[in-house]
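Take a look at the structure set out below.
Numbering (the working numbering), first residue to last: 85 to 196.
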């Protein structure tokens, strides 16, 4: 099962301050992925990806970007893993959300 790119989606209080902090660590903003005005940004340094989201959700989220989220969801269900938010539709972009045994939110988000 291919999980795709991994990133951490951080619930931030002040996106301007958070952006400046992570840029100090060497992260660069993806120009086509969000904006300060939209209150979300995607930053990357090497293979490490961090999403900054102000006011969109309460807790941090572990995010994977598989090429086939429905196959991941099928595998999880076959292994009795509860899905909090299932995928919709038969093809194309979709996501499913679940929690690990400690309550950490995990999202599998297929963009295409």
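Even glycine gets a Cβ: it sits at the ideal position worked out from N, Cα and C.
Around the beta-carbon of residue 136, 16 or more other beta-carbon atoms lie within 10 Å, marking it buried. The DSSP-derived three-state label of residue 114 is strand.
Inter-residue distance for residue 110 and residue 152 is about 31 Å (C-alpha atoms, whole angstroms). With a contact defined as Cβ atoms closer than 8 Å, residue 141 and residue 95 qualify at about 5 Å.
In the assembly as shown, residue 196 is an exposed residue. Its beta-carbon has fewer than 16 other beta-carbons within 10 Å. Taking the C-beta atoms as reference points, residue 194 is found no nearer than 8 Å to residue 133. Between the C-alpha atoms of residue 166 and residue 144 there is a straight-line separation of about 19 Å.
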